[in-house]
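K.L.:
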């Protein structure tokens with residue numbers, strides 16, 4: 170604490186990311202990184218970077234990268250925005266579409282970034298509880314749960330985090346139809362792994378924004394690169410906001426690497442397919458060990474050893490004990506000591522070999 | 170304009186960066202880029218990046234880079250912060266030290282980022298006019314120009330932009346002494362080129378923050394990398410703010426490149442020395458052509474062809490005409506059609522060859 174800090178910084182509760190412990194004996198299943206490397210084309214692009222593209226400012230509009238993404242998704246270039254990770258895009262979107270409006274609606278259990286940004290920008294959060302089965306209660310969004318002043322927009326991840334559960338395109342369409350006067354922001358950070366993307370709806374709904382990241386499905390967490398897709402007036406809102414605060418967010422190396430990644434579709438599909446296959450195997454094995462596993466469409470699963478009764482009157486370990494015991498063996502997964510989450514574990518899908526090590530350690534505990 | 174935009178985005182006046190026109194025949198002296206490439210060690214570091222450092226999240230604390238910077242400047246690692254360009258650090262500093270406090274003081278003619286961020290964060294700006302000779306009136310800062318509510322901090326670039334004029338370390342010391350209860354933020358984006366850095370004062374003043382960038386002296390504008398130096402409680406304020414909003418701002422490639430750049434001191438010194446030599450030659454030639462040139466300590470100069478009288482009753486060109494005529498010949502410099510600046514030109518120092526082309530075109534105009 171310092172006398173020089175603002176009240177804002179005094180009040181902040183910083184986000185604690187999963188530990189970045191490294192070493193050859195660490196099985197790192199705690200930060201939803203992709204276990205497979207980026208495309209060889211990406212490596213080639215980075216290893217061919219020229220000095221001129223470093224000494225000069227990057228193209229502030231990421232023109233080539235946006236054109237590549239537009240073509241890939243069948244959109245126009247003015248329906249595409251890029252940023253320094255999808256977190257930066259979310260921040261700009263909150264300023265462009267939600268600040269100064271009535272309450273912003275999002276799921277009660279969801280990405281921790283949303284309430285933090287509401288705090289910063291003075292937006293009232295309106296947190297909608299999940300259904301009993303941990304699905305997002307989309308039918309409770311919009312007017313159904315609006316405060317007296319109404320509501321100023323909707324944001325949710327699809328699939329949701331940390332549950333991994335996705336909503337269907339039909340549900341999203343219904344939500345968009347019912348909320349045409351508000352921006353609906355769908356955070357598709359994990360949509361590479363099986364959820365139905367709402368990008369296909371961009372041309373039909375002027376109120377829809379979809380954000381994506383290169384960190385998960387495209388194995389580029391180290392680079393910080395994200396994109397948004399929306400009707401051109403919404404994209405213009407993001408551009409105006411970006412250009413007012415920081416004109417050059419996406420660096421030259423990330424632009425080049427992003428283009429190379431999109432251009433290698435077959436590598437991307439192979440990687441996704443391997444992870445989805447390992448996910449299915451992992452869920453099956455956890456099921457057989459008596460865990461409750463939510464139906465994940467992400468590159469992680471959310472699993473619970475169950476309450477004391479389900480664990481033979483508590484003779485088997487609870488989530489906190491499992492987390493700790495695995496951590497001591499350098500098998501890193503994620504655990505939150507928070508109401509509603511404190512008997513659950515989030516496990517990133519690694520390689521088959523990493524999951525084997527995970528299960529070996531887990532089985533020894535039960 | 171869109172019905173979905175917030176009042177904030179409707180009210181924004183986006184910053185217009187200098188044109189990024191490219192081509193072999195373009196002489197680009199408009200965005201203060203370094204005309205020389207980054208160190209060969211930087212290129213080698215980027216060309217050796219491993220796929221594991223891309224698929225994983227970067228070290229959120231930039232530990233190695235901060236240790237390298239700390240050693241270079243004779244500070245402790247907890248006195249060093251890194252960010253995605255110095256603009257991002259300025260944004261975090263405004264949140265950490267100025268938001269919710271009384272008016273923030275900065276020079277009336279200065280970096281356009283400051284008033285924009287004041288707007289965003291609801292900080293009242295208190296703009297202090299420059300002296301008649303375009304120097305920053307440091308004696309007018311602090312209590313001398315405080316509003317009725319007092320003042321909440323001070324920020325200025327050293328050297329100032331777009332004038333290029335630096336203040337001395339003695340002046341800075343006096344300012345810090347007189348404002349011990351407020352944060353004084355010195356933006357040293359251009360301090361590589363001859364200004365006295367205030368980093369040497371970090372251990373003496375708990376209220377001092379100095380920001381630097383790798384974009385100018387270190388030829389890495391394409392990468393977006395900046396650093397801040399301050400007492401450890403102020404650095405902790407920046408860290409808390411960063412960790413609340415975006416834990417991973419500096420990507421893995423930028424961290425690696427930054428370390429390599431700092432480690433090649435002799436290359437850095439050679440580059441700086443060449444630019445300072447070319448700057449001296451450029452000022453001499455502009456003087457001899459009858460221009461008024463401010464005494465620059467930056468990698469750009471601010472020059473005026475003078476008023477109509479000085480230009481033989483206007484028979485010679487004014488700044489706007491010169492800017493336009495050079496632009497048509499693909500010689501890009503910077504011009505602002507704004508009160509107090511509209512008869513001035515900002516010219517980045519390029520290579521000797523680029524300056525030769527600039528003077529050839531300029532001489533043909535007079």
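Residue numbers (my numbering), protein chains in the order written: chain D, 170 to 535; chain R, 170 to 535.
Note that CB positions come from ideal geometry on N, CA and C, so glycine has one too.
Fair warning: this is a prediction, and the values are worked out from it, not measured in the lab.
Which word fits residue 327 of chain D, buried or exposed, when buried means at least 16 other C-beta atoms lie within 10 angstroms of its C-beta?
P.N.:
Here the question's residue 327 of chain D lines up with position 158 in the first chain. Flag for residue 327 of chain D reads buried.
K.L.:
Is the region 462 to 474 of chain D in contact with the region 508 to 520 of chain D, if contact means three or more CB pairs nearer than 8 Å?
P.N.:
yes
K.L.:
Under 7 Å Cβ to Cβ from residue 235 of chain D, same chain only, skipping five residues before and after it: list those, please.
P.N.:
Residue numbering aside, residue 235 of chain D sits at position 66 when the first chain is read from its first letter. Excluding positions up to five away in sequence, the list reads 246, 249, 251.
K.L.:
Go through its chain and collect everything with a Cβ distance to residue 196 of chain D's Cβ below 8 Å, but skip five positions before and after it.
P.N.:
What you label residue 196 of chain D is simply residue 27 of the first chain in a count that begins at 1. Contacts found: 499, 500, 501, 519, 523, 526, 527.
K.L.:
Just checking my contact of residue 376 of chain R with residue 348 of chain R at CB under 8 Å: how many whole Å lie between their CB atoms?
P.N.:
Along the second chain, read from residue 1 onward, the residue named residue 376 of chain R stands at position 207. Along the second chain, read from residue 1 onward, the residue named residue 348 of chain R stands at position 179. About 7 Å separates the two Cβ atoms, so the contact holds.
K.L.:
Is the shortest distance between the beta-carbon of residue 382 of chain R and the beta-carbons of chain D less than 9 Å?
P.N.:
Reading the second chain from its first residue, position 213 is the one you call residue 382 of chain R. Not closer than 9 Å to any Cβ of chain D, the Cβ of residue 382 of chain R fails to qualify, so no.
K.L.:
Have a look at residue 422 of chain R and residue 368 of chain D and give me their C-alpha separation to the nearest angstrom.
P.N.:
What you label residue 422 of chain R is simply residue 253 of the second chain in a count that begins at 1. What you label residue 368 of chain D is simply residue 199 of the first chain in a count that begins at 1. Approximately 30 Å between the Cα atoms of the pair.
K.L.:
Would you call the region 419 to 439 of chain D and the region 265 to 278 of chain D touching, i.e. three or more CB-CB distances under 8 Å?
P.N.:
no
K.L.:
Use the C-beta contact count for residue 484 of chain D: other C-beta atoms within 10 angstroms, 16 or more gives buried, fewer gives exposed.
P.N.:
Walking along the first chain from the start, residue 484 of chain D turns up at place 315. Residue 484 of chain D should be labelled exposed.
K.L.:
I want to verify the contact list: residues of chain R whose CB lies under 8 Å from the CB of residue 224 of chain D, in sequence order.
P.N.:
On the first chain, position 55 is the one that residue 224 of chain D refers to. Here the neighbours are 202, 203, 204, 205, 206, 207, 388, 389, 390, 391.
K.L.:
Apart from the five residues on each side of it in sequence, which residues of its chain come closer than 8 Å, Cβ to Cβ, to residue 260 of chain D?
P.N.:
In the first chain, the residue the question calls residue 260 of chain D occupies position 91. The answer, listed in chain order, is 286.
K.L.:
Suppose you measure from the CA of residue 230 of chain D to the CA of residue 454 of chain R; what does that come to, to the nearest Å?
P.N.:
Against the first chain, residue 230 of chain D aligns to sequence position 61. Against the second chain, residue 454 of chain R aligns to sequence position 285. When rounded, the distance between both Cα atoms is 36 Å.
K.L.:
In three-state DSSP terms, what is residue 435 of chain D?
P.N.:
Counting from 1 along the first chain, the entry for residue 435 of chain D is found at position 266. Reduced to three states, the DSSP call for residue 435 of chain D is helix.
K.L.:
Can you name the start and end residues of the beta strand (DSSP E) that residue 469 of chain D belongs to?
P.N.:
Locating residue 469 of chain D in the first chain gives position 300, where the first residue counts as 1. That run of the beta strand (DSSP E) goes 469 to 473.
K.L.:
Helix, strand or coil, according to DSSP, for residue 261 of chain R in the structure here?
P.N.:
As a first step, residue 261 of chain R is located in the second chain; it is residue number 92 there, counting from the start. Here residue 261 of chain R sits in helix by DSSP.
K.L.:
Out of R:255, R:399, R:174, R:222, which has the shortest C-alpha to C-alpha gap to residue 416 of chain D?
P.N.:
For the purposes of this step, residue 416 of chain D is identified with residue 247 of the first chain, where counting begins at 1. In terms of CA proximity to residue 416 of chain D, R:255 leads the group R:255, R:399, R:174, R:222.
K.L.:
What number of angstroms, rounded off, separates the C-alpha of residue 239 of chain D from the C-alpha of residue 532 of chain D?
P.N.:
Stepping through the first chain from its first residue, residue 239 of chain D is reached at position 70. Stepping through the first chain from its first residue, residue 532 of chain D is reached at position 363. Whole-angstrom Cα-Cα distance: 47 Å.
K.L.:
Determine the DSSP secondary structure at residue 275 of chain D, reduced to helix, strand or coil.
P.N.:
Residue mapping note: residue 275 of chain D aligns to position 106 of the first chain, counting from 1. Three-state DSSP puts residue 275 of chain D in a strand.
K.L.:
Give the DSSP bridge partners of residue 488 of chain R, in chain order.
P.N.:
Sequence index remark: in the second chain, residue 488 of chain R carries index 319 (1-based). DSSP, once it has assigned bridges, lists no residue as partnering residue 488 of chain R.
K.L.:
Inspect the beta-carbon positions of residue 304 of chain D and residue 334 of chain D and report whether they are closer than 9 Å.
P.N.:
The sequence position of residue 304 of chain D within the first chain is 135, counting from 1. The sequence position of residue 334 of chain D within the first chain is 165, counting from 1. Their beta carbons are under 9 Å apart, which means residue 304 of chain D touches residue 334 of chain D by this criterion.
K.L.:
Please tell me whether residue 461 of chain R and residue 202 of chain D are closer than 9 Å, where the distance is taken between their beta carbons.
P.N.:
Working through the second chain from its first residue, we reach residue 461 of chain R at position 292. Working through the first chain from its first residue, we reach residue 202 of chain D at position 33. Cβ atoms of residue 461 of chain R and residue 202 of chain D: not closer than 9 Å.
K.L.:
With DSSP collapsed to three states, give me the class of residue 297 of chain R.
P.N.:
The sequence position of residue 297 of chain R within the second chain is 128, counting from 1. The answer is strand: DSSP assigns residue 297 of chain R an E or B state.
K.L.:
Taking just the CA atoms, how far does residue 346 of chain D sit from residue 311 of chain D?
P.N.:
Taking the first chain and counting its residues from 1, one reaches residue 311 of chain D at position 142. Taking the first chain and counting its residues from 1, one reaches residue 346 of chain D at position 177. Looking at the two C-alpha atoms, the distance is approximately 11 Å.
K.L.:
Residues of chain D with a CB under 9 Å from the CB of residue 194 of chain R: which are they?
P.N.:
Numbered from 1 along the second chain, position 25 holds the residue referred to as residue 194 of chain R. By Cβ distance, chain D contributes nothing, its closest Cβ being about 15 Å from residue 194 of chain R, past 9 Å.
K.L.:
Got a sec, what are the start and stop residues for the alpha helix (DSSP H) residue 406 of chain D sits in?
P.N.:
Within the first chain, residue 406 of chain D is the residue found at index 237, counting from 1. Note, residue 406 of chain D: alpha helix (DSSP H), 401 to 414.
K.L.:
What residue range is occupied by the uninterrupted alpha helix (DSSP H) comprising residue 282 of chain R?
P.N.:
As a first step, residue 282 of chain R must be located in the second chain, where it is residue number 113. That run of the alpha helix (DSSP H) goes 282 to 290.
K.L.:
What number of angstroms, rounded off, separates the C-alpha of residue 363 of chain R from the C-alpha of residue 448 of chain R?
P.N.:
On the second chain, residue 363 of chain R is found 194 positions in, with the first residue counted as 1. On the second chain, residue 448 of chain R is found 279 positions in, with the first residue counted as 1. Spanning the two alpha carbons is a distance of roughly 11 Å.
K.L.:
Could you check whether the Cβ of residue 513 of chain R sits closer than 9 Å to any Cβ belonging to chain D?
P.N.:
Counting from 1 along the second chain, the entry for residue 513 of chain R is found at position 344. No, residue 513 of chain R lies away from the interface with chain D (no Cβ there is under 9 Å from its Cβ).
K.L.:
Would you decide whether residue 425 of chain R is buried or exposed? Buried here means 16 or more other CB atoms lie within 10 Å of its CB.
P.N.:
Taking the second chain and counting its residues from 1, one reaches residue 425 of chain R at position 256. Classification for residue 425 of chain R: buried.
K.L.:
Please list, in chain order, the chain D residues whose beta carbon lies closer than 8 Å to that of residue 359 of chain R.
P.N.:
Numbered from 1 along the second chain, position 190 holds the residue referred to as residue 359 of chain R. Simply none; closest approach about 15 Å.
K.L.:
Express the C-alpha separation of residue 463 of chain R and residue 486 of chain R in angstroms, rounding to a whole number.
P.N.:
Here residue 486 of chain R is taken as the residue at index 317 of the second chain, counted from 1. Here residue 463 of chain R is taken as the residue at index 294 of the second chain, counted from 1. Their Cα atoms are separated by approximately 19 Å.
K.L.:
Could you give the DSSP three-state label for residue 493 of chain R: helix, strand or coil?
P.N.:
As a working mapping, residue 493 of chain R is identified with position 324 in the second chain. If DSSP states are grouped into helix, strand and coil, residue 493 of chain R belongs with the helices.
K.L.:
Nearest-angstrom Cα distance between residue 406 of chain R and residue 178 of chain D?
P.N.:
The sequence position of residue 406 of chain R within the second chain is 237, counting from 1. The sequence position of residue 178 of chain D within the first chain is 9, counting from 1. Computed Cα separation, rounded: 6 Å.
K.L.:
Pick from R:339, R:387, R:325, R:283: whose alpha carbon is nearest that of residue 207 of chain R?
P.N.:
Residue mapping note: residue 207 of chain R aligns to position 38 of the second chain, counting from 1. The shortest Cα separation from residue 207 of chain R among R:339, R:387, R:325, R:283 belongs to R:387.
K.L.:
Mind checking if residue 414 of chain D is an interface residue toward chain R, Cβ cutoff 9 Å exclusive?
P.N.:
One-based indexing of the first chain puts residue 414 of chain D at position 245. Residue 414 of chain D counts as touching chain R.
K.L.:
Compute the distance between the beta-carbons of residue 329 of chain R and residue 278 of chain R, then report whether it is under 9 Å.
P.N.:
Against the second chain, residue 329 of chain R aligns to sequence position 160. Against the second chain, residue 278 of chain R aligns to sequence position 109. Contact: yes.
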